[in-house]
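As given, the protein sequences belong to chains A and B, one line each in that order. Okay, so the first sequence: first residue is 4 according to my numbering, each after it adds one. Okay, so the second sequence: first residue is 579 according to my numbering, each after it adds one. Virtual Cβ for every residue (Gly too), placed ideally from N, Cα, C. Here's the structure, in structure tokens; my notes come after.
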Amino acid sequence: MNAPAEHRNFDWMALARKQAVPITFVALCLTLCVMSGQGPAFLAGEVATRLARNSFTTLSLIVPVLAGLGLNFGIVLGAMAAQMAIITVVHWNMAGLSGFLAAALLVVPIAIAFGWLVGLLFNRAKGREMVTGLIAGFFANGLYQLLFLFLVGTLIPFHNPALLLPEGYGLRNTVNLAPVNYALDDILSVTWKSGQGMAWTVGSADKTQPATGAVPSTGPESAGAGSPVKIPISTFLLITGLCLGIGWLMATKLGQDMRAVGQDMHIAEVAGIPVDRTRLIAVVVSTVLAAWGHLVYLQNMGTLNTYSSHEQIGMFGVASLLVGGASVSRATVWQALLGTLLFHTLFVTSPLAGKTLMGDPQIGEYFRVFVAYGVIALALALHAWKGGHQK
Amino acid sequence: MRERVLALYEKWFLGRVAEIGIPRLLITAFVLTLLGVAYFYGMNLSFLLSDSLVRVGRNGILVLALLPAVQGGLGLNFGLPVGVAAGLVGLLIPMEFDLGGWKCFVVATVLAALFGWLAGLAYGWLLNRVKGQEMMVGTYVGFSVVSGTCIFWLLAPFHNRKLIWPIGGQGLRTTLPCTSGMSRFLDDAWRVKFGDFSIPTGLLLYFLVLCGLVALFFRTRAGLAIRAAGENPLYAKACGISEDRSRLLAAALSTMLAAVGIVAFSSSYGFVQLYLAPLMVAFPAVAALLIGGGSVNRASVSHVLIGTLLFQTLLTIALPVANKVVSGDISEVARVVVANGMILYALTRGSR
Chain A
4 MNAPAEHRNF DWMALARKQA VPITFVALCL TLCVMSGQGP AFLAGEVATR
54 LARNSFTTLS LIVPVLAGLG LNFGIVLGAM AAQMAIITVV HWNMAGLSGF
104 LAAALLVVPI AIAFGWLVGL LFNRAKGREM VTGLIAGFFA NGLYQLLFLF
154 LVGTLIPFHN PALLLPEGYG LRNTVNLAPV NYALDDILSV TWKSGQGMAW
204 TVGSADKTQP ATGAVPSTGP ESAGAGSPVK IPISTFLLIT GLCLGIGWLM
254 ATKLGQDMRA VGQDMHIAEV AGIPVDRTRL IAVVVSTVLA AWGHLVYLQN
304 MGTLNTYSSH EQIGMFGVAS LLVGGASVSR ATVWQALLGT LLFHTLFVTS
354 PLAGKTLMGD PQIGEYFRVF VAYGVIALAL ALHAWKGGHQ K
Chain B
579 MRERVLALYE KWFLGRVAEI GIPRLLITAF VLTLLGVAYF YGMNLSFLLS
629 DSLVRVGRNG ILVLALLPAV QGGLGLNFGL PVGVAAGLVG LLIPMEFDLG
679 GWKCFVVATV LAALFGWLAG LAYGWLLNRV KGQEMMVGTY VGFSVVSGTC
729 IFWLLAPFHN RKLIWPIGGQ GLRTTLPCTS GMSRFLDDAW RVKFGDFSIP
779 TGLLLYFLVL CGLVALFFRT RAGLAIRAAG ENPLYAKACG ISEDRSRLLA
829 AALSTMLAAV GIVAFSSSYG FVQLYLAPLM VAFPAVAALL IGGGSVNRAS
879 VSHVLIGTLL FQTLLTIALP VANKVVSGDI SEVARVVVAN GMILYALTRG
929 SR
């Protein structure tokens, strides 16, 4: 569109063209932030909470992208594994950090099994992994409902009146995760309150829980601008660790194999790389990471919607990654983090902006659903458009 | 003797099984079992079966809409919501002007076909640029169109008091009753009754006529070109057929049928469902086509008919039977598992 820029300005233009998606979304987010009419403290607090809650899951999508599998919509199965593990842990009356760690351990074999199955599916559906992953998520959701609505308490001996529906079988719609609430976040966190400065909290989940318990999970409307903002340092440390871990993995022999497979399966095969096996491992790694990511999410939320908490995980993760400027075949840790930040800023502000602009929060609500779907559609279309000649 | 029996078994039985496909056999067996259980529990079979006939007619056109896309090499058209949204706009316009009865239906169908055709051309233009990823792009284009139309429904300039929210004076309601006389208009045309068993003749006839028209279309020059381009693009090119043009036509036709299909669906259902209701509309339709024996790159009108009949019968009977046998709505779960399992099966075995 623009006329060729001067030589000095060339770099900026190239950057703008290359990073068009994140730049557009930064602009959109800033506009919505202004229109939402909320103070920066409130917005920063909301977004920090959501960043801690969702980054891990978004990061779990990177490995399959690099291995050429595209956006792994199958991470929904990882989220299901996480929910199975955390339900079990709550059933065993484990609490606090030990409960959280037990869930994190318990989830690994389940997630590996699920990831393995999804990987086998993907290897049979090369070239259409994404749509297969999406449908696999829907299919698994059916089996998940079968398990928790009908088999638990009937075929599976599980008798816990606190968790079951009044009929004596089938899990309740919401499971209270209070015992493991903030198990990870409260290892080390900073609470910031306007006028009072910062307060560090170290490893005192039980003591701080009543005081700060209700803050991050309340809706945007109910939390006033003056309420304290809690930033879970320990969770952010874990996310940093994961970022470094992904960097390390991609530098190993296995990671290099994944990249080679992602570049071109046939050449990788000729070069002696076991293509199917490498793809399988990439999916398993992604599923396990997604399961842990969902545990991080759940311990922050404090409640589990048994039949819906996992459904949107895939879509939100994928949309976050894409908003950050990643594509179906390229993704970096920074794109994942930036994308999560932008997508969730949009998420917090768009209903508020819709309310001030149109007097109707519903429009903002639909707008953010539209953005989530639209950004995925756009990114997929752009990618297929560019890569159309290779297929 | 034994060898001959074995040879016969291999030739006839295994050959037939391979031809029909194991999933289709399983689902047929499942439907028959359900019918048996329903009979055993003394349920009113004729009532159940007439109900399933209504649902066949109601959903059939949406399944038929997938056919041109598969024939044209576009794969399973998960972008069906594009046509559905266009059809809903076409349906709401005569309702805004309080048209009733068959007039409303005819005007709605004509407008839906027009809007569907235009939307389909745009959709086909996009699909021509994303060859190889049509299904994934289509899925998310469909999702975004549905969520985009949600905003449209809230802001669109509809003023008929029967359609908009009573307070505020703007925004369509989530569920609108069809204008009187249009609701169930096709169902009741030439209805034939034998006791409890009643056949919605008009509805089924409408569906069958559209099936016939589509089958006829694929015998015309343009239809044959679409098929050739879908089966073997290089061969089609050698014959002087433009692949892109054929694919465009296939997408437009598929979208137009979806638009026409949602008008028939809403009229037969008696309600127009807006907002997020059409989000998942493509998935049961795709499942029905696959159950009928279609695949990612091959399908025919007979697959549409068999698939719709089997899948809708399954859905109709599963709910009351499941309610008798176990309490709780297990049929919804069964629907999800069967439909998506079927799609997964087709995705993992269709050759590219």
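6 Å CB neighbourhood of residue i in its chain, flanking five on each side removed
{"i": "residue 918(B)", "result": "none"}
{"i": "residue 766(B)", "result": "none"}
{"i": "residue 687(B)", "result": "838, 841"}
{"i": "residue 715(B)", "result": "708"}
{"i": "residue 834(B)", "result": "691, 694, 695, 698"}
{"i": "residue 110(A)", "result": "84, 85, 88, 294"}
{"i": "residue 706(B)", "result": "822, 825"}
{"i": "residue 4(A)", "result": "Residue confidence for residue 4(A) is low, a pLDDT of 44 falling below 50, so the modelled location carries little weight; the figure read from the coordinates is stated next. Cβ within range, chain order: n/a, list empty."}
{"i": "residue 891(B)", "result": "609, 630"}
{"i": "residue 24(A)", "result": "328"}
Neighbouring residues, chain B, relative to residue i (Cβ below 8 Å)
{"i": "residue 309(A)", "result": "Simply none; closest approach about 14 Å."}
{"i": "residue 47(A)", "result": "Result: empty, since nearest Cβ-Cβ is about 28 Å, beyond 8 Å."}
{"i": "residue 300(A)", "result": "Near residue 300(A) there are no residues of chain B at all, since even the closest Cβ is about 22 Å away, more than 8 Å."}
{"i": "residue 366(A)", "result": "729, 732, 733"}
{"i": "residue 127(A)", "result": "926, 927"}
Within chain A, the residues that residue i reaches when beta carbons sit closer than 7 Å
{"i": "residue 715(B)", "result": "380, 383, 384, 387"}
{"i": "residue 719(B)", "result": "380"}
Same chain only: Cβ atoms within 8 Å of residue i, ignoring 5 sequence neighbours per side
{"i": "residue 210(A)", "result": "Interpretation of residue 210(A) is limited by its pLDDT of 39, a score under 50 that renders its predicted location unreliable; the figure taken from the coordinates is listed afterwards. Result list for residue 210(A): empty, nothing under 8 Å."}
{"i": "residue 797(B)", "result": "none"}
{"i": "residue 746(B)", "result": "none"}
{"i": "residue 861(B)", "result": "656, 917, 918, 921"}
Continuous beta strand (DSSP E) stretch holding residue i: start and end
{"i": "residue 777(B)", "result": "775 to 777"}
{"i": "residue 736(B)", "result": "Where residue 736(B) is concerned, there is no enclosing beta strand (DSSP E), given that its DSSP letter is neither H nor E."}
{"i": "residue 233(A)", "result": "232 to 235"}
{"i": "residue 849(B)", "result": "849 to 851"}
{"i": "residue 754(B)", "result": "753 to 755"}
{"i": "residue 740(B)", "result": "Note, residue 740(B): premise wrong, no beta strand (DSSP E); not H, not E."}
{"i": "residue 772(B)", "result": "770 to 772"}
Beta-carbon neighbours of residue i, restricted to chain A and to distances below 8 Å
{"i": "residue 726(B)", "result": "373, 377"}
{"i": "residue 908(B)", "result": "149, 152, 153"}
Residue i: contacting residues in chain B (beta-carbon distance under 7 Å)
{"i": "residue 175(A)", "result": "The premise fails here: residue 175(A) is roughly 14 Å from chain B at the closest Cβ pair, so nothing lies under 7 Å."}
{"i": "residue 257(A)", "result": "Those do not exist, as residue 257(A) stays about 26 Å from chain B at its closest Cβ, beyond 7 Å."}
{"i": "residue 134(A)", "result": "713, 714, 717, 925"}
{"i": "residue 370(A)", "result": "729"}
Other residues of its chain near residue i: CB distance less than 7 Å, five sequence neighbours each side excluded
{"i": "residue 353(A)", "result": "35, 367, 370, 371"}
{"i": "residue 61(A)", "result": "320, 323, 324, 339, 342, 343"}
{"i": "residue 133(A)", "result": "73, 74, 76"}
{"i": "residue 393(A)", "result": "Confidence is the limiting factor: at residue 393(A) the pLDDT is only 42, short of 50, which leaves the residue's position unreliable and the question unanswerable from this model."}
{"i": "residue 364(A)", "result": "354, 357, 358"}
{"i": "residue 224(A)", "result": "Only weak support is given to the placement of residue 224(A): the predicted model assigns it a pLDDT of 40, under 50, and the question is left unresolved by the model."}
{"i": "residue 220(A)", "result": "In this prediction, residue 220(A) scores a pLDDT of 39, lower than 50, which makes its location untrustworthy; the coordinate-derived value is nonetheless stated afterwards. Cβ within range, chain order: 304, 305."}
{"i": "residue 276(A)", "result": "260, 263, 264"}
{"i": "residue 813(B)", "result": "806"}
{"i": "residue 222(A)", "result": "Caution applies to residue 222(A), whose pLDDT of 40 falls short of 50 and renders its modelled position unreliable; the value that the coordinates give is listed next. Cβ neighbours of residue 222(A) beyond the five flanking positions: none."}
Proximity test, Cβ basis, 9 Å: residue i and chain C
{"i": "residue 722(B)", "result": "Among the protein chains in the structure shown, which are A and B, there is no chain C."}
N- and C-terminal bounds of the alpha helix (DSSP H) containing residue i
{"i": "residue 623(B)", "result": "623 to 642"}
{"i": "residue 259(A)", "result": "256 to 266"}
{"i": "residue 673(B)", "result": "658 to 674"}
{"i": "residue 797(B)", "result": "Unbroken run through residue 797(B): none, as it is neither H nor E."}
{"i": "residue 33(A)", "result": "23 to 39"}
Partner residues on chain B for residue i, Cβ-Cβ distance less than 9 Å
{"i": "residue 124(A)", "result": "922, 925, 926"}
heavy atom of the ligand ADP below 8 Å from residue i C-beta
{"i": "residue 753(B)", "result": "Absent from the structure shown: the ligand ADP. Ligands present: none."}
Inset, instruction - Identify each residue in the segment 62 to 83 of chain A for which the Cβ-Cβ distance to at least one residue of chain B is less than 7 Å, and report them in chain order. - result: none
Inset, instruction - Could you run through the segment 22 to 38 of chain A and flag, in chain order, every residue whose CB is less than 7 Å away from some CB of chain B? - result: none
Legend entry - Under 8 Å (Cβ pairs) to chain B, residues found in the segment 137 to 155 of chain A: 137, 138, 139, 141, 142, 144, 145, 146, 148, 149, 152, 153
Inset, instruction - Note down, in chain order, all residues in the segment 694 to 707 of chain B with a beta-carbon under 7 Å from any beta-carbon belonging to chain A. - result: 704, 707
Legend entry - Within 7 Å of chain B by C-beta, residues of the segment 246 to 271 of chain A in sequence order: none
Legend entry - Under 9 Å (Cβ pairs) to chain A, residues found in the segment 890 to 924 of chain B: 904, 905, 906, 907, 908, 910, 911, 912, 913, 914, 915, 916, 917, 918, 919, 921, 922
Inset, instruction - With 7 Å as the C-beta to C-beta threshold (strictly closer), list the residues of the segment 326 to 339 of chain A near chain B in chain order. - result: none
Inset, instruction - Please specify which runs of the beta strand (DSSP E), each continuous and at least 3 residues long, are wholly inside the segment 306 to 373 of chain A, giving them in chain order. - result: 306 to 308
Legend entry - Whole beta strand (DSSP E) elements within the segment 138 to 209 of chain A, 3-residue minimum: 177 to 179, 191 to 196, 200 to 205
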